[in-house]
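Okay, so here's the structure we're looking at.
Residue numbers (this note's numbering): 9 to 261.
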């Protein structure tokens, strides 16, 4: 489990997170939703130690994340940011192999190569594993980066807007893959997402953020309600038809 306790973050006088507390259930998909500037990506970066945590405590598996050595932490938790620009000429397989660095330190073992091959198969990238990343479509490229995360083989996976700039088909495929990672491999996934329909379809839990605070945290079924969403986004949600309390069913995703 990941426990966030009274975490705050400021940039100058601007408060990004305001004594935020949250417990992330293990082995589930938890989506973070909310308006721009609510602190979603900052929270993800703090949990993953990409930015320094000064106020509050973040616990990973009953241990303060600041107490982990870098290599061991990278074997427990991985993160994929929304911007993944590479200047290197890499094939898909070479990119995926980067996920094994916390274990091999660049010297791949037999086990590392097996993990790489398993990840490529899991993401159905066999046909393009020798293609260069800069030659791929947006959807293919995102699957390749996700395969790198799968190869890292961490219990916790953090994703910052993984559907950004993807069309409907590729977005659905990515979300179905995340569902498989949880259901088949037992991964705990935390995702920052703006597409509420996808959040309602594929998440187990949803946390709503506004002004640096958690406004609501519950099962996806209980969060996807017009009155709750309205308090978060300050707009009126008029859901014409909801089946099983899921918007996604109405849109047939």
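C-beta atoms are modelled at their ideal positions from N, C-alpha and C, and glycine is treated no differently. None of the values given here were measured: they were computed from a predicted structure.
Buried or exposed for residue 251, going by 16 or more other Cβ atoms inside 10 Å? On the chain shown, residue 251 is found 243 positions in, with the first residue counted as 1. Bear in mind that a pLDDT of 45 at residue 251, under 50, signals an unreliable position, so the model cannot answer this.
When the Cα atoms are used, what is the spatial distance from residue 133 to residue 154? For the purposes of this step, residue 133 is taken as residue 125 along the chain shown, with counting starting at 1. For the purposes of this step, residue 154 is taken as residue 146 along the chain shown, with counting starting at 1. Their backbone Cα atoms lie some 11 Å apart in a straight line.
C-alpha distance - residue 68 paired with residue 11, whole-angstrom precision: If you number the chain shown from 1, residue 68 lands on position 60. If you number the chain shown from 1, residue 11 lands on position 3. Going from the Cα of residue 68 to the Cα of residue 11 covers about 7 Å.
Since residue 63 is in the beta strand (DSSP E), which residue starts that stretch and which ends it? Taking the chain shown and counting its residues from 1, one reaches residue 63 at position 55. Looking at the DSSP string, the run of the beta strand (DSSP E) that includes residue 63 is 63-68.
Note down the Cα distance separating residue 152 from residue 235, rounded to an integer number of angstroms. Position 144 of the chain shown, counting from 1, holds the residue named residue 152. Position 227 of the chain shown, counting from 1, holds the residue named residue 235. Distance between the alpha carbons of residue 152 and residue 235 is about 38 Å.
Closest to residue 172 by CA distance: which of 73, 165, 183, 233 is it? Sequence index remark: in the chain shown, residue 172 carries index 164 (1-based). Comparing Cα positions, the closest option is 183.
Quick check on residue 72: does DSSP put it in helix, strand or coil? Along the chain shown, read from residue 1 onward, the residue named residue 72 stands at position 64. Of the three classes helix, strand and coil, the one that applies to residue 72 here is strand, per DSSP.
Candidates 159, 162, 131: closest to residue 150 by CA position: In the chain shown, residue 150 corresponds to position 142, counting from 1. Checked all of 159, 162, 131; the closest Cα to residue 150 is 131.
Does the structure place the segment 209-224 close enough to the segment 41-55 that three or more beta carbon pairs sit under 8 Å? yes
Do the CB positions of residue 80 and residue 200 come within less than 8 Å of each other? As a first step, residue 80 is located in the chain shown; it is residue number 72 there, counting from the start. As a first step, residue 200 is located in the chain shown; it is residue number 192 there, counting from the start. For residue 80 and residue 200, no; Cβs fall outside 8 Å.
Given residue 90, which residues of its chain have a CB within under 6 Å of its CB, disregarding the five upstream and five downstream residues? Taking the chain shown and counting its residues from 1, one reaches residue 90 at position 82. So the qualifying residues of the chain are 168, 169, 172.
Given that a residue counts as buried once 16 or more other Cβ atoms are within 10 Å of its Cβ, and exposed if not, what is residue 107? If you number the chain shown from 1, residue 107 lands on position 99. Under this definition residue 107 is a buried residue.
Cβ shell of residue 112 (< 8 Å), same chain only, five flanking positions each side left out: To locate residue 112, count along the chain shown from 1; it is residue 104. The residues are 120.
For residue 224, which beta-bridge partners are listed by DSSP? Your numbering for residue 224 matches position 216 in the chain shown. Answer is 216, bridged to residue 224.
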